[in-house]
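**Q** In the working numbering, the protein residues as written are 31 to 185. Even for Gly, the Cβ is constructed at its ideal location relative to N, Cα and C. Fair warning: this is a prediction, and the values are worked out from it, not measured in the lab. Okay, handing you the structure first.
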Amino acid sequence: MLVKLNINYKEYSLDIDPSTPLLWVLRDHLNLVGTKYGCGVAACGACVVHMDGEAVRSCVTKIQRAVGKKIVTIEGLSEDGNHPLQKAWKEVDVPQCGYCHSGQIMSAAVLLREIPNPTDEDIDNAMSGNICRCGTYIRIRKAIKLAAEFQKGKI
Ligand code: FES
Ligand code: FES
Numbered sequence: 031m032l033v034k035l036n037i038n039y040k041e042y043s044l045d046i047d048p049s050t051p052l053l054w055v056l057r058d059h060l061n062l063v064g065t066k067y068g069c070g071v072a073a074c075g076a077c078v079v080h081m082d083g084e085a086v087r088s089c090v091t092k093i094q095r096a097v098g099k100k101i102v103t104i105e106g107l108s109e110d111g112n113h114p115l116q117k118a119w120k121e122v123d124v125p126q127c128g129y130c131h132s133g134q135i136m137s138a139a140v141l142l143r144e145i146p147n148p149t150d151e152d153i154d155n156a157m158s159g160n161i162c163r164c165g166t167y168i169r170i171r172k173a174i175k176l177a178a179e180f181q182k183g184k185i
């Protein structure tokens, strides 16, 4: 069946089973491999992308749900890696192995849009579903606060 998807501001028509998880389409069909497979059961956050601006777990999102929506992955978050979060992630040198971080950044992007000046509690609440096995949580929090400053144009 032909499924039309809008991903990173481009239209795609894919001959594919509409019950296929979005994550499979991103990685295996479109080679958008920045979004990671961690658990496959919506438990880790490695696969978070945006669907009409909301954070969704692409491992459990069938592509039929994505039809008519705008999907943005880490590759589409900014034109050249200059989103405030991407700049802050580099500045703070957040990743250890790096595996969880596209999901972390995509979740944090929704947080910063909704709460431009998040407290520690806001960050913990918004990010609690994103697991980092390397334990980079302190640096993630620091980078989100730095990104908030970048976003306000204070730095
Ligand atoms: S891979 Fe989707 S939440 Fe873990
Ligand atoms: S940096 Fe390794 S899982 Fe987060």
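For Pro148, I'd like the list of residues in its chain whose CB is within less than 8 Å of its CB, leaving aside the five on either flank, ordered along the chain.
**A** The sequence position of residue 148 within the sequence shown is 118, counting from 1. So the list reads Leu141, Leu142, Ala156, Ile174, Lys175, Ala178, once near-sequence residues are dropped.
**Q** What did DSSP end up calling Arg163 once you bin it into helix, strand or coil?
**A** For the purposes of this step, residue 163 is identified with residue 133 of the sequence shown, where counting begins at 1. Three-state DSSP puts Arg163 in coil, outside helix and strand.
**Q** Met157 lies in the alpha helix (DSSP H); which residues open and close that run?
**A** One-based indexing of the sequence shown puts residue 157 at position 127. Where Met157 is concerned, the enclosing alpha helix (DSSP H) stretches over 150 to 157.
**Q** Starting from Leu32, follow its DSSP beta bridges and name the residues at the other end.
**A** Within the sequence shown, numbered from 1, the residue matching residue 32 stands at position 2. The partner list for Leu32 (beta bridge, DSSP) reads Asp45.
**Q** If Ala76 sits next to Cys130, beta carbons under 8 Å apart, how far is it from one beta carbon to the other, in whole angstroms?
**A** Counted from its first residue, the sequence shown places residue 76 at position 46. Counted from its first residue, the sequence shown places residue 130 at position 100. The Cβ separation is near 5 Å, so the contact holds.
**Q** Quick one: grab the DSSP three-state call for Val63.
**A** Residue 63 sits at position 33 when you count from the first residue of the sequence shown. For Val63, the three-state secondary structure derived from DSSP is coil.
**Q** I need the boundaries of the beta strand (DSSP E) containing Lys117, first residue and last residue.
**A** For the purposes of this step, residue 117 is taken as residue 87 along the sequence shown, with counting starting at 1. Taken as a continuous stretch (DSSP letters only), Lys117 belongs to no beta strand (DSSP E), being part of the alpha helix (DSSP H) at 114 to 122.
**Q** Taking the alpha-carbon positions, what's the Ala96 to Val124 distance?
**A** One-based indexing of the sequence shown puts residue 96 at position 66. One-based indexing of the sequence shown puts residue 124 at position 94. When rounded, the separation of the alpha-carbon atoms in Ala96 and Val124 is 31 Å.
**Q** Could you name each continuous beta strand (DSSP E) segment of 3 residues or more that falls completely within the segment 48 to 105, going from the start of the chain to the end?
**A** Scanning the segment 48 to 105 for uninterrupted beta strand (DSSP E) segments of 3 residues or longer gives 78 to 81, 84 to 87, 100 to 102, listed from N- to C-terminal end.
**Q** Using only CA atoms, which one of Ala118, Met81, Thr65 lies nearest to Leu53?
**A** Walking along the sequence shown from the start, residue 53 turns up at place 23. Considering only alpha carbons, the answer is Thr65.
**Q** Kindly confirm or deny that the segment 88 to 95 and the segment 42 to 56 touch, where touching means at least three C-beta pairs closer than 8 Å.
**A** In short, these stretches touch, since the Cβ pair count reaches three.
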